[in-house]
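Data block below; observations after.
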Amino acid sequence: MAERDLLVLSEEPLNAETNLGERTGTITPAGSHYVRTHFPIPQAPREIAVEGAVGRPMSITFDEIHTLPAKTLAVTLECAGNGRRFLEPKVPGEQWGLGAVGTAEWTGTPLRAVLELAAPDPSAVEVLFRGADEGVPKDLGKRIAYERSLPIDDARGDDVLLAYLMNGEEIPREHGGPLRLVVPGWYGMASVKWISRITLLDRPFAGFYQTDRYVLDGSPLRMIAPRAVLTYPQDGTRHERALWIAGFAWSGAAPIARVELSTDGGKSWAKVPHAFLQDSPRYAWRPFRMEHLLIRGSGVQHWSLVVRATDALGNTQPTEASWNALGYANNALRTVRVEVRS
Numbered sequence: 259m260a261e262r263d264l265l266v267l268s269e270e271p272l273n274a275e276t277n278l279g280e281r282t283g284t285i286t287p288a289g290s291h292y293v294r295t296h297f298p299i300p301q302a303p304r305e306i307a308v309e310g311a312v313g314r315p316m317s318i319t320f321d322e323i324h325t326l327p328a329k330t331l332a333v334t335l336e337c338a339g340n341g342r343r344f345l346e347p348k349v350p351g352e353q354w355g356l357g358a359v360g361t362a363e364w365t366g367t368p369l370r371a372v373l374e375l376a377a378p379d380p381s382a383v384e385v386l387f388r389g390a391d392e393g394v395p396k397d398l399g400k401r402i403a404y405e406r407s408l409p410i411d412d413a414r415g416d417d418v419l420l421a422y423l424m425n426g427e428e429i430p431r432e433h434g435g436p437l438r439l440v441v442p443g444w445y446g447m448a449s450v451k452w453i454s455r456i457t458l459l460d461r462p463f464a465g466f467y468q469t470d471r472y473v474l475d476g477s478p479l480r481m482i483a484p485r486a487v488l489t490y491p492q493d494g495t496r497h498e499r500a501l502w503i504a505g506f507a508w509s510g511a512a513p514i515a516r517v518e519l520s521t522d523g524g525k526s527w528a529k530v531p532h533a534f535l536q537d538s539p540r541y542a543w544r545p546f547r548m549e550h551l552l553i554r555g556s557g558v559q560h561w562s563l564v565v566r567a568t569d570a571l572g573n574t575q576p577t578e579a580s581w582n583a584l585g586y587a588n589n590a591l592r593t594v595r596v597e598v599r600s
């Protein structure tokens, strides 16, 4: 297991947040990247079955997967429950703050290459991924494996990976090694870890983690909603004469186009100049940093700092959270209150 620098919510199963206050660059080290597990970390098999609505059912070993064409993508993964802690009234589930997110470079073979080897039948509408992790969910009462499906057109996308490297090294077990799915732009529940089986289905999957969990407004969750977070300054801190800010912004559906800053709790907004937004690969968050914010006036002032992200499709963050009973996709604006004096 990679040496950990995380904010641990639970040890068994392991659930832990990225310490965003310690992150400055685009790439998150494996030992600092958030971890989401539903069951104990398994010993994954060294080969996977590909079956169901296919012309050539098969098994493929990880060594064989390594011989297929590979690509590397920097991808921000975010748990769908990120921000759950801030919902009112409270909801059950892991009480994530804002750190259930991280960005790594994932190397693997496009899933499409493996699917083509199995010759999908025209009747196939979804691709189901089964992880080697198993357990008994609290609200189900029976033992199941973690399973989640993708529509077949999405599964055939150029950038959906069967990944075997994380930041250039073998994927640590807690991050799904030796082989996991990486679905760029989607919440992390789609990126199934410890892949043991791939099944092509001729009808939509109706398993627990597809229809009972990771759903919003009756539909399975998909794309990551836009979000910006401040990593500096911290809430409740004091600053003399000058102030700088830093953070990250990301969205699943499209690249981040604009980050705005408010110092008065969202009453007025100013665009963060493009020069202070770091360029990033398509699926990675954009770090930003503004120095020497001018403190006008004299004496002690109390600022309410808020940042807001908007992506290239115009999706932006809401002022208020959209409450839901499972606590998903809470990308509402958050306020950081600081004291400044000139």
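Every letter in the sequence shown is one number past the one before it in our numbering, and letter 59, counting from 1, is 317. We treat Cβ as the ideally placed atom computed from N, Cα and C, and that holds for glycine. Remember, predicted model here, so these are calculated numbers, not experimental data.
In the structure shown, V372 adopts helical secondary structure according to DSSP, grouped into three states. The criterion of a C-beta distance shorter than 8 Å is satisfied by A507 and V517. Contact between the segment 401-415 and the segment 457-466 is present: three or more C-beta pairs spanning the two stretches fall below 8 Å. Secondary structure of R599 (DSSP, three-state): strand. F344 carries a helical assignment under DSSP once its states are collapsed to helix, strand and coil. Here F466 carries a helix assignment [DSSP, helix/strand/coil]. As the crow flies, the alpha-carbon of V530 is around 36 Å from that of A413. Taking a cut-off of 8 Å for Cβ pairs, the segment 294-311 and the segment 539-558 do not touch, as fewer than three such pairs fall below it. Here S509 is buried: its Cβ has 16 or more other Cβ atoms, across all protein chains shown, within 10 Å. In this structure, the alpha-carbon of R455 lies about 25 Å from that of D397. Bridge partners of W364 according to DSSP: L331 and M424. For S290, the secondary structure class from DSSP, reduced to helix, strand or coil, is helix. Sixteen is the threshold: since fewer than 16 other Cβ atoms of the shown chains lie within 10 Å of the Cβ of E346, the residue is exposed. Under DSSP, N273 shares a beta bridge with S268 and R294. The C-beta distance from V565 to L535 rounds to 11 Å, too long to fall under 8 Å, and the pair is not in contact. Excluding the 5 residues flanking it on each side, V312 has same chain C-beta neighbours closer than 7 Å at A376, A377, P378, D379 and L458, in chain order. The segment 554-561 makes no contact with the segment 348-361, as fewer than three CB pairs between them are under 8 Å. K451 and R438 do touch by the CB rule: their CB atoms are close to 4 Å apart, below 8 Å.
Assigned with DSSP and collapsed to three states, D391 falls in strand. R480 places its beta carbon less than 8 Å from that of W444. Secondary structure note for D475: it is in no alpha helix (DSSP H), with a DSSP letter that is neither H nor E. By the CB criterion at 8 Å, W364 and V441 fall outside the cutoff.
For I285, there is no enclosing beta strand (DSSP E), as DSSP marks it with neither H nor E.
Contact annotation, N588 with R401: C-beta distance approximately 30 Å; criterion of less than 8 Å not satisfied. By alpha-carbon distance to W581, the top candidate from R595, I323 and A590 is A590. The DSSP-derived three-state label of R431 is helix. Judged by their CB atoms, T489 and A500 are not nearer to each other than the 8 Å cut-off.
Taking the CA atoms as reference points, I514 sits about 10 Å from Y541.
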